[in-house]
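First residue of the sequence shown? That's -9 in the numbering used here, and the numbers climb one at a time after it.
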Amino acid sequence: MMAIALDHVVINVRFAMDEAVALFEALGFTVTPRGFHTLGSINHLIVFGEAYLELLGLPQDGERVRQELLDSPAGLDGLVFASADATATHAGLIQSGLSVQPVQQFSRPVDLEDGLRAVAHFEAVRLVTGQFAAGRVYFCHHLTPELVWRAPWQQHVNGTVGIAGLTVASADPERTRHDYARLGRIDARWGLDVTDEAGVARQVGALSGIGADRAERFAVLALQGVDLADITRRAAALDLPHHASAGRVCVGLPLFGVVLECRA
């Protein structure tokens, strides 16, 4: 069985990219300059030590529409694992009995902090849709990782240092855990927690209703190293629903159907 590590988590913001960037910046995150994929989508990253959060959307005036984003739910929509060899990853997933699309190659220009521009290249191994009801699951091979993990982008005034975990809400947690286990042996440095809606409510309280319009979903994104006093002040200033308990602050982002569990 393959050992797999988290690469990034995706929030599908569709056509509300400007609002998403403004919100995350106001919450104290450093957001990278806008990227334009050859696939027709746009993105901004929130980069941490070993993984990142991707705000993924569509341009208001784009000539090419990335249909998969329109077909996918808004909010926490993508769970992406790291691949060091896309061809080998593709073969391993097939060996595990999963249906996999051909390896996809794409790129995007990157505006660097020194005013220069470079091109980031990627290879993606995407699973055929329908195998994971919570959202899109795939693997990403970074051919130019130095254009993503850059020190100025990894510093956040709210203190966040990484992604601690992702909670999947499922009507049948046992079956869903089995499905994810087929992907490989997940790196223990972060947690993929599969639970039911009652479990989500125990985790985030009344915020569990945010985005709860599907039988299975990526329900909560947990972040670590957060300055809890700072994130509380920012959430209050933005009039976002939030509550604190035992070394953590949960913040709801209703516009995007997202709940953040911010841990110290």
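Glycine included, each C-beta is placed from N, C-alpha and C at the ideal position. The structure presented is a predicted model; accordingly, all values stated were derived computationally and were not measured.
According to DSSP, residues forming a beta bridge with residue i
{"i": "residue 253", "result": "238"}
{"i": "residue 175", "result": "-7"}
{"i": "residue 26", "result": "32"}
{"i": "residue 113", "result": "95, 131"}
{"i": "residue 207", "result": "159"}
{"i": "residue 126", "result": "68"}
C-beta atoms of residue i and residue j nearer than 8 Å
{"i": "residue 116", "j": "residue 91", "result": "yes"}
{"i": "residue 167", "j": "residue 88", "result": "no"}
{"i": "residue 4", "j": "residue 47", "result": "yes"}
{"i": "residue 1", "j": "residue 65", "result": "yes"}
{"i": "residue 138", "j": "residue 110", "result": "yes"}
{"i": "residue 177", "j": "residue -6", "result": "yes"}
{"i": "residue 249", "j": "residue 210", "result": "yes"}
{"i": "residue 232", "j": "residue 247", "result": "no"}
{"i": "residue 146", "j": "residue 19", "result": "yes"}
{"i": "residue 122", "j": "residue 61", "result": "no"}
{"i": "residue 72", "j": "residue 208", "result": "no"}
{"i": "residue 9", "j": "residue 245", "result": "yes"}
{"i": "residue 70", "j": "residue -1", "result": "yes"}
{"i": "residue 213", "j": "residue 253", "result": "yes"}
Exposed unless 16 or more other CB atoms sit within 10 angstroms - verdict on residue i
{"i": "residue 219", "result": "exposed"}
{"i": "residue 113", "result": "buried"}
{"i": "residue 106", "result": "exposed"}
{"i": "residue 77", "result": "exposed"}
{"i": "residue 193", "result": "buried"}
{"i": "residue -9", "result": "exposed"}
Distance between residue j and residue i (C-alpha atoms, nearest Å)
{"i": "residue 154", "j": "residue 131", "result": "21 Å"}
{"i": "residue 141", "j": "residue 152", "result": "14 Å"}
{"i": "residue 102", "j": "residue 108", "result": "7 Å"}
{"i": "residue 30", "j": "residue 24", "result": "13 Å"}
{"i": "residue 165", "j": "residue 197", "result": "25 Å"}
{"i": "residue 161", "j": "residue 104", "result": "49 Å"}
{"i": "residue 205", "j": "residue 186", "result": "9 Å"}
{"i": "residue 84", "j": "residue 237", "result": "41 Å"}
{"i": "residue 51", "j": "residue 32", "result": "11 Å"}
{"i": "residue 68", "j": "residue 43", "result": "10 Å"}
{"i": "residue 135", "j": "residue 144", "result": "13 Å"}
{"i": "residue 203", "j": "residue 28", "result": "32 Å"}
{"i": "residue 16", "j": "residue 221", "result": "10 Å"}
{"i": "residue 251", "j": "residue 34", "result": "21 Å"}
{"i": "residue 183", "j": "residue 49", "result": "33 Å"}
Interface flag, residue i vs chain D, CB-CB below 8 Å
{"i": "residue 217", "result": "Here chain D cannot be found, since the structure has a single protein chain."}
Collapsed DSSP secondary structure at residue i in the structure displayed
{"i": "residue 34", "result": "strand"}
{"i": "residue 94", "result": "strand"}
{"i": "residue 131", "result": "strand"}
{"i": "residue 108", "result": "strand"}
{"i": "residue 246", "result": "helix"}
{"i": "residue -2", "result": "strand"}
{"i": "residue 80", "result": "helix"}
{"i": "residue 146", "result": "coil"}
{"i": "residue 166", "result": "helix"}
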